[in-house]
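Q:
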Amino acid sequence: MTNFKSLMAAAILSLTSALALAGETTLGDLVIKDPWTRATPPNAMAGGGFLTITNTGGADDTLVSAASPVAGRVELHEMAVVDGVMKMREMQGGIPVPAGQTVALEPGGLHVMFMDLKEPLTEGGMAAVTLTFEKAGSVDIEMPIAKIGAKGMDQGGHGHGHMPMKSPN
């Protein structure tokens, strides 16, 4: 019986590890998939984080905050065209995740904003992030760091967005 329990524990651990490597985490009725961020230049003060959240349940939830040791603070932002000009704004109250729907946090739209970076985000590394939801609670995820300008974790690309820079010391 002890061997069976050990075998089951190993199987569960393997499955959990495989899901984490596949970029999927479950928290209650929420499925968080494909988290990633971009590498930043040496003097960058900010960077964006991206993922999808699917609410498989019958009740709405809200991503209310995020935190990460890579940044002095983390905010939830949206890029939107206002009077013909693309602007970024903080999502006061968080990002709604309606029941039965998927919300994409992606370049040029909703995203996690890492502010006051403690060091550059380096391609090939990982950024630890804690997401906190109004109803489902908190979950720790890892965001793989893609190359500068990437449009997705599996895509290349050269973005041309503005990134605030620190003054060299």
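In case it helps, mature numbering (1 follows the signal peptide of the UniProt record, and there is no 0) puts the sequence shown at residues -22 to -1, 1 to 147.
Beta carbons are placed, not taken as given, at the ideal position from N, Cα and C, and that holds for glycine.
Here the structure is a predicted model, which means the values were calculated and not measured.
Cα separation between residue 16 and residue 103?
A: If you take the alpha carbons of residue 16 and residue 103, they lie about 10 angstroms apart.
Q: Mind checking whether residue 82 and residue 33 have CB atoms under 8 angstroms apart?
A: No, Cβ-Cβ distance for residue 82 and residue 33 is not below 8 angstroms.
Q: With a threshold of 6 angstroms on Cβ separation, who are the neighbours of residue 130 within its own chain once the five nearest residues in sequence on each side are excluded?
A: Closer than 6 angstroms at Cβ, skipping near neighbours: no residue.
Q: Can you grab the Cα-Cα spacing for the pair residue 60 / residue 118, in whole Å?
A: Their backbone Cα atoms lie some 34 angstroms apart in a straight line.
Q: Do residue 113 and residue 37 come within 8 angstroms of each other at the CB atom, strictly closer than that value?
A: Result yes, Cβ atoms of residue 37 and residue 113 sit closer than 8 angstroms.
Q: Going straight from the alpha carbon of residue -1 to that of residue 66, what length do you get?
A: Summary for residue -1: the model assigns pLDDT 46, below 50, so the residue's position carries little reliability; its value from the coordinates is reported in the next sentence. Each residue's alpha carbon lies about 30 angstroms from the other.
Q: Are residue 19 and residue 123 close, meaning C-beta to C-beta below 8 angstroms?
A: It is not a contact, given that the beta carbons lie outside the stated cut-off.
Q: Under the rule that 16 or more other beta-carbon atoms within 10 Å means buried, what is residue 50, buried or exposed?
A: Classification of residue 50: exposed, given that the 10 Å Cβ count is below 16.
Q: By the 10 Å Cβ neighbour count, where 16 or more other Cβ atoms means buried, how is residue 94 classified, buried or exposed?
A: When all chains shown are included, residue 94 counts as exposed.
Q: Quick check: the Cα distance between residue 8 and residue 54, rounded to an integer number of angstroms?
A: Near 18 angstroms, if we compare the C-alpha coordinates of residue 54 and residue 8.
Q: Can you have a look at residue 26 and say buried or exposed, based on whether 16 or more other CB atoms are within 10 angstroms of its CB?
A: Classification for residue 26: buried.
Q: Whose C-alpha, out of 75, 121, 99, is nearest the C-alpha of residue 21?
A: Here the closest residue by C-alpha is 99.
Q: Could you give the first and the last residue of the continuous beta strand (DSSP E) run that contains residue 65?
A: Taken as a continuous stretch (DSSP letters only), the beta strand (DSSP E) holding residue 65 covers 63 to 68.
Q: Could you name the residues of the same chain whose beta carbon sits closer than 6 angstroms to that of residue 111, not counting the 5 residues immediately before and after it, in chain order?
A: So the list reads 39, 41, once near-sequence residues are dropped.
Q: Could you give the DSSP three-state label for residue 49: helix, strand or coil?
A: Residue 49: strand per DSSP, three-state reduction.
Q: In the structure shown, what three-state DSSP assignment does residue 21 receive?
A: Residue 21: coil per DSSP, three-state reduction.
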